[in-house]
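Take a look at the structure below.
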Amino acid sequence: MSDPRLAELSRRLPELRVLTAPAELEHYGRDWTRRWTPAPLAIVLPTSAEEVQAIVRWANEQRVAIVPSGGRTGLSGGAVAANGELVLSLERMNRVLDFDAVDRTLTVQPGMILQHVHEAARERGLVYPVDFAARGSCSIGGNIATNAGGIRVIRYGNTREWIAGLKVVAGNGELLDLNRGLIKNSSGYDFRQLMIGSEGTLGIVIEATLKLTEPPPPSQVMLLALPDMDALMQVFALFRARLVLQAFEFFTDHALRHVLAHGAQRAIDGDHPYYVVTEFDAADEHQQEAALTAFEQGMTEGWISDGVIAQSEAQAAALWRLREGITESLAPRRPYKNDVSVRISAVPAFLHEMQALLAREYPQAEVVWFGHIGDGNLHINVLRPDGLAEDAFIAQCEHVTKLLAVTLQRHGGSISAEHGIGLVKRAYLESTRSAAEIALMRGVRQVFDPNGILNPGKLFADD
Ligand code: MLT
Ligand code: ZN
Numbered sequence: 001m002s003d004p005r006l007a008e009l010s011r012r013l014p015e016l017r018v019l020t021a022p023a024e025l026e027h028y029g030r031d032w033t034r035r036w037t038p039a040p041l042a043i044v045l046p047t048s049a050e051e052v053q054a055i056v057r058w059a060n061e062q063r064v065a066i067v068p069s070g071g072r073t074g075l076s077g078g079a080v081a082a083n084g085e086l087v088l089s090l091e092r093m094n095r096v097l098d099f100d101a102v103d104r105t106l107t108v109q110p111g112m113i114l115q116h117v118h119e120a121a122r123e124r125g126l127v128y129p130v131d132f133a134a135r136g137s138c139s140i141g142g143n144i145a146t147n148a149g150g151i152r153v154i155r156y157g158n159t160r161e162w163i164a165g166l167k168v169v170a171g172n173g174e175l176l177d178l179n180r181g182l183i184k185n186s187s188g189y190d191f192r193q194l195m196i197g198s199e200g201t202l203g204i205v206i207e208a209t210l211k212l213t214e215p216p217p218p219s220q221v222m223l224l225a226l227p228d229m230d231a232l233m234q235v236f237a238l239f240r241a242r243l244v245l246q247a248f249e250f251f252t253d254h255a256l257r258h259v260l261a262h263g264a265q266r267a268i269d270g271d272h273p274y275y276v277v278t279e280f281d282a283a284d285e286h287q288q289e290a291a292l293t294a295f296e297q298g299m300t301e302g303w304i305s306d307g308v309i310a311q312s313e314a315q316a317a318a319l320w321r322l323r324e325g326i327t328e329s330l331a332p333r334r335p336y337k338n339d340v341s342v343r344i345s346a347v348p349a350f351l352h353e354m355q356a357l358l359a360r361e362y363p364q365a366e367v368v369w370f371g372h373i374g375d376g377n378l379h380i381n382v383l384r385p386d387g388l389a390e391d392a393f394i395a396q397c398e399h400v401t402k403l404l405a406v407t408l409q410r411h412g413g414s415i416s417a418e419h420g421i422g423l424v425k426r427a428y429l430e431s432t433r434s435a436a437e438i439a440l441m442r443g444v445r446q447v448f449d450p451n452g453i454l455n456p457g458k459l460f461a462d463d
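Going by the UniProt record's numbering, 441 is the number at position 441 of the sequence shown; the sequence numbering is gapless.
This is the structure:
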């Protein structure tokens, strides 16, 4: 090992797996953003809390920056290592450590893939309800780092709601055991909640105790075609009043075209500007009838143009694919992503302003809208027009993001709803957080990570 710092690390931890081959640096140095050229110093794959702690202590002594790394499915550059950082991959720490049937908790290591968490919960007769399309690749540690949301937030809330305890190695090398699975704990600052959503800038999660819950009742999945955004919000209000929603997601005809070109099956004929995939409790005839009545009322009012209800699990999966396949279908075009939120009550006014702004600023670009409209969370993906160079495209997108940030500020919204700030949105943090808040955030970082070795450059632009 030619780098003396790495040689010292290997001397301290002879069993530690260290990767330095160019293909490995490339693989572990990037996330799904694909905008930065990976250039990590090396990759380490610890298998225990003790190893993680020893690595963090070594990094403090050597002043080496660490990028904590999970499934690297992030969309804001939070797991990118483009500046000689050490990537600390948690993928070998991927086991279930404990299940407690009385507490209804599952204690897992951070590298566990979300889908495996779902399976482990289901095998025990319960569910871990946070869910989204990247479930097969993202890790629970990464979900915690970004306070991941997804498609069931409307019913279950974000990751934050489902963490009963965390063990972390803080940036200063201390091992912290936070909240220990307690439901009630009124003993001062809740550092567990501070760690959730901190994007790897305060500590590295080495163990998480997850809350589990009972499986939801049987459900039905409906796809709706809608004429405009106003109608969409009316249908949301109608369905929310009449049904017990598990999900209420929307996408545009643009998004649909991409998923269909990617192999998904068309479910509704004709051209419609907007679509909704909704899932709701349908445990008995009464609930099923309520859904049909709500649907018919939506048709009568002219808010719904067409619709289909899944008759089998396979059909439900096919309808969900139309929504969940969007990210993958757009990925080859490397879209510029905005992931914003406003309060649900502000959605209609915000949408009208945004549509006018985007039509004015992006006359040539293809803008693809989709997202978790029932949570006030919109994904605005912009695709580079043919003939426009990548640099010019990014510059244009950043100009529009500035305008978007101003609009969001006016509506009291957030520049990042669920993807995190990372590298992508760090220049816009001030649009969502006040100067006083940012100063306190920096102070908190200083307390947990005085040498700034954990994920520097993420979250704060001038870290
Ligand atoms: C989604 O809702 O599908 C995810 O947030 C991914 C994305 O925004 O592309
Ligand atoms: Zn999303």
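Ideal Cβ placement from N, Cα and C applies to all residues, glycine included.
Here the structure is a predicted model, which means the values were calculated and not measured.
Classify residue i as helix, strand or coil using the three-state DSSP reduction.
i	result
Y336	strand
I113	strand
residue 496	Only positions 1 to 463 of the chain appear in this structure, which leaves residue 496 out of reach.
L90	coil
K414	Lys is not the amino acid found at residue 414; the sequence shown has Ser there. Strand at S414.
T159	helix
R433	coil
A170	strand
E26	helix
D462	coil
S329	helix
E214	coil
S2	coil
L238	helix
R12	helix
E119	helix
T401	helix
R17	strand
T201	coil
V424	coil
I206	strand
L224	strand
F132	coil
L126	coil
V244	coil
Counting only the same chain and skipping the five closest in sequence on each side, list residues whose C-beta sits under 7 Å from that of residue i.
i	result
I140	V108, P110, M112, L114, V117 and A208
A290	R242 and L243
T37	A82
I196	I144, N147, T159, R160 and I163
R442	F460
L378	V340, W369 and G371
E361	V400 and L403
Under the assumption that residue i contacts residue j (Cβ atoms under 8 Å), give the Cβ distance between them as a whole number of angstroms.
i	j	result
P385	Q364	5 Å
N451	R104	About 39 Å separates the two Cβ atoms, so there is no contact after all.
E249	V277	5 Å
G171	L459	The Cβ separation is near 13 Å, so there is no contact.
L223	L322	7 Å
V153	D339	Going by Cβ atoms, the distance from V153 to D339 rounds to 13 Å, so no, they are not a contact pair.
C138	T73	4 Å
S76	G422	3 Å
Y128	A121	4 Å
K168	Q53	Checking the sequence, you will find Val at residue 168 rather than Lys. Actually they do not touch by this definition, with Cβ atoms about 10 Å apart.
G412	A346	7 Å
A65	P456	5 Å
F280	Q220	6 Å
G165	G149	Incorrect: roughly 21 Å between the Cβ atoms, too far for contact.
I204	V56	7 Å
S305	H258	In fact, because the Cβ distance is near 21 Å, the residues do not count as touching under 8 Å.
Grab me the residues of residue i's own chain with a C-beta within less than 8 Å of its C-beta, minus the 5 sequence neighbours each way, in chain order.
i	result
residue 464	Residue numbering for the chain in the displayed model covers 1 to 463; residue 464 lies beyond these limits and cannot be assessed.
E366	H254, V382, L383 and P385
residue 472	This structure gives no information on residue 472, because the portion of the chain shown stretches from 1 to 463.
E50	none
Tell me which residues share the same chain as residue i and place their Cβ nearer than 6 Å to its Cβ, disregarding the 5 neighbours each side in the sequence.
i	result
R155	Q246
I344	G376
S414	S341 and T432
R34	R334
F191	L178
S231	The sequence shown places Ala at residue 231, not Ser. Closer than 6 Å at Cβ, skipping near neighbours: W303.
Q409	S431
H419	L75, S76 and D339
Is residue i close to chain B, meaning its C-beta is less than 8 Å from at least one C-beta of that chain?
i	result
A101	Absence of chain B from the displayed structure is noted, only one protein chain being present.
Which ranges would you report for the alpha helix (DSSP H) in the segment 250 to 326 if only whole runs of at least 4 residues count?
-> Taking 4 residues as the minimum length, the alpha helix (DSSP H) runs contained wholly in the segment 250 to 326 are 253 to 261, 285 to 301 and 313 to 324, in order along the chain.
Start-end ranges of the beta strand (DSSP E) lying completely within the segment 339 to 390, minimum 3 residues | Runs of the beta strand (DSSP E) inside the segment 339 to 390: 366 to 372 and 377 to 383.
Starting from the N-terminal end, write out each residue whose C-beta falls within a distance shorter than 7 Å of any non-hydrogen atom of ligand 2.
-> Qualifying residues, in the order they occur: F132, G149, G150, D339, G371, H372, N377, H379 and E418.
Which full runs of the beta strand (DSSP E) of 3+ residues lie inside the segment 32 to 86, going along the chain?
-> Taking only runs of at least 3 residues, the beta strand (DSSP E) segments lying wholly in the segment 32 to 86 are 42 to 45 and 66 to 69.
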